[in-house]
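S.K.: Pasting in a structure now, in structure tokens, and then I'll have a few things to ask.
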Ligand SMILES: O=C(O)CCC(=O)C(=O)O
Ligand SMILES: [Fe+2]
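Numbering (the numbering used here), first residue to last: 388 to 521.
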């Protein structure tokens, strides 16, 4: 779990709390203090994620498992002009000793594998170290 704190900022040109990124892990459950700010990138636009009271946002990082069909969600956080925003993302990691690769049932002659299998711990290390991946 991580705790993010985004103090308010009235300056419109300094309103980015967390730069655009994708998460490394399998799933992130994000609990917030219900101050909006999370945005996702889709079709060349940033969209505000609607806050559903007492619910969690769900970001799935299944790019490799789905052989590229489902993309990791690019997201960022903006800060509010007046209200402090706090979020508690709970990152659900894959088993480090499991091999991560496209699900075999998704691979065919017409849909060849885009990724080499890699141990989850090696994948996480390479992503966090910004080393190249296929
Ligand atoms: O605060 C949020 O809603 C998202 C935080 C986030 O993307 C992260 O900590 O990786
Ligand atoms: Fe994130």
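In this text, a Cβ means the ideal position worked out from N, Cα and C, and glycines have one as well.
What does DSSP give as the partner residue(s) for residue 391 in the beta ladder?
M.R.: 474
S.K.: Mapping the DSSP letters down to three states, classify residue 517 as helix, strand or coil.
M.R.: coil
S.K.: Nearest to residue 466 by CA position, among 388, 389, 390 and 394, is which residue?
M.R.: It is 394 whose Cα lies nearest to the Cα of residue 466.
S.K.: Are residue 491 and residue 389 close, meaning C-beta to C-beta below 9 angstroms?
M.R.: no
S.K.: Would you say residue 415 touches ligand 1, meaning its beta carbon is less than 8 angstroms from a heavy atom?
M.R.: At least one heavy atom of ligand 1 falls within 8 angstroms of the beta-carbon of residue 415.
S.K.: When DSSP labels each residue in this structure, what does residue 502 get in the three-state scheme?
M.R.: coil
S.K.: For residue 476, verify whether its CB is less than 8 angstroms away from any heavy atom of ligand 2.
M.R.: yes
S.K.: According to DSSP, simplified to helix, strand and coil, what is residue 492?
M.R.: helix
S.K.: Within the same chain, show all residues whose beta-carbon is closer than 8 angstroms to that of residue 483, passing over the 5 residues directly before and after it, in chain order.
M.R.: 506, 507, 508 and 511
S.K.: For the segment 418-426 and the segment 454-474, state whether three or more C-beta atom pairs, one from each stretch, are separated by less than 8 angstroms.
M.R.: Short answer: they touch.
S.K.: What does the alpha-carbon distance come out to for the pair residue 447 and residue 480?
M.R.: Any reading at residue 447 needs caution, since the residue's pLDDT is 49, under 50, leaving its predicted position unreliable; the model's value is listed next. Taking the straight line joining both Cα atoms gives about 11 angstroms.
S.K.: May I have the straight-line CA-CA distance separating residue 410 from residue 460, to the nearest angstrom?
M.R.: 8 angstroms
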